[in-house]
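Going by the working numbering, the first residue of the sequence shown is number 1, and it counts up by one from there.
By construction, the Cβ of each residue, glycine as well, lies at the ideal position given by its N, Cα and C atoms.
None of the values given here were measured: they were computed from a predicted structure.
Structure record follows, encoded as structure tokens.
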Amino acid sequence: MARRSAGWKVMLGVALLFAAVAAADEASERVVIGRVITQLNRVPMGDIFTGDATSELDRLPEVKTRTSQIMGLQLDSVYPPEPGPIAVTISREPWGEATVNFPGLPTLVGTETTNPRISAGEIRFITPDVAIADGTWTYRDETSSTSLPLLLVMKKEGESWKIASLRVLTPR
């Protein structure tokens, strides 16, 4: 009887070991998928789409940046800026701000411009090589914030995760 229970303990231990390895692999794959999704924020994006991918990136709202007037200053009249060094001050806080001071222009304190950003949310594995990821497209300006949900189908090609489908969903 003791011999039989020892065999079960070994088999149970091996099964738990494989489960722990699979969970660790899945966690590292989630990190890699999140990095691929954040590549959508970069120009150029790189090779992040599969060859047969479908994307609705063109359905995201067009965001026009305001360069002609910030805080009541007509910047068109003072460009090009005076020659001289450009001063960049970077906050030491995590997720801090950076201030750029051009010679001949007043410092624009309190002005924050955030580009539209795509971020990854929950990731669910359908198979070891296919995952569904929630995402969000967010744009903030001085007065408002706009957010749209995204659905991404991720596919592993070789050792790389790529986007097989990107859909813009209607807000809830």
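Which of helix, strand or coil DSSP assigns to residue i
| i | result |
| --- | --- |
| SER28 | helix |
| ILE37 | helix |
| ARG59 | helix |
| GLY46 | coil |
Pairwise C-alpha distance: residue j and residue i
| i | j | result |
| --- | --- | --- |
| THR138 | THR89 | 26 Å |
| ARG124 | ALA164 | 15 Å |
| LYS9 | ILE132 | 36 Å |
| ARG167 | ASP58 | 10 Å |
| ARG42 | VAL32 | 16 Å |
| SER55 | GLU157 | 18 Å |
| MET45 | MET11 | 46 Å |
| ASP141 | PRO61 | 14 Å |
| ASP129 | ARG92 | 40 Å |
| THR111 | THR127 | Low local confidence applies: a pLDDT of 38 at THR111 is under 50, so the model's placement there is unreliable, with the coordinate-based value given in what follows. Cα-Cα distance, rounded: 45 Å. |
| SER28 | LYS162 | 15 Å |
| SER144 | PRO116 | 13 Å |
Burial state of residue i, where buried means 16 or more other Cβ atoms lie within 10 Å
| i | result |
| --- | --- |
| ALA120 | buried |
| MET154 | buried |
| SER160 | exposed |
Residues of its chain near residue i, where Cβ-Cβ distance is below 8 Å and the 5 sequence neighbours each way are ignored
| i | result |
| --- | --- |
| GLU26 | PHE125 |
| ASP174 | Outside the displayed range of the chain (1 to 172) lies residue 174, so it cannot be described from this structure. |
| LEU150 | ILE118, ASP134, GLY135, THR136, TRP137, LEU166, ARG167, VAL168 and LEU169 |
| PRO171 | SER147, LEU148 and PRO149 |
| ARG35 | none |
| THR50 | LYS155, GLU157, LYS162, ILE163 and ALA164 |
Own chain partners of residue i with C-beta closer than 6 Å, once the 5 adjacent residues on each side are dropped
| i | result |
| --- | --- |
| LEU40 | ILE118 |
| ASP47 | none |
| GLU122 | ASP134 |
| ARG30 | ILE123 |
Spatial neighbours of residue i in its chain, beta-carbon cut-off 7 Å, leaving aside the 5 residues before and after
| i | result |
| --- | --- |
| ILE37 | ILE118, ALA120, ALA133, GLY135 and LEU152 |
| GLY13 | none |
| TYR79 | Because the pLDDT at TYR79 is just 45, under 50, the model does not fix this residue reliably, and the point stays unresolved. |
Residue i CB to nearest heavy atom of the ligand PLP below 8 Å
| i | result |
| --- | --- |
| SER144 | As far as ligands go, the structure on display features none, and thus does not contain the ligand PLP. |
At 3 residues or longer, what runs of the beta strand (DSSP E) sit wholly inside the stretch 139 to 169? 145 to 157 and 160 to 168
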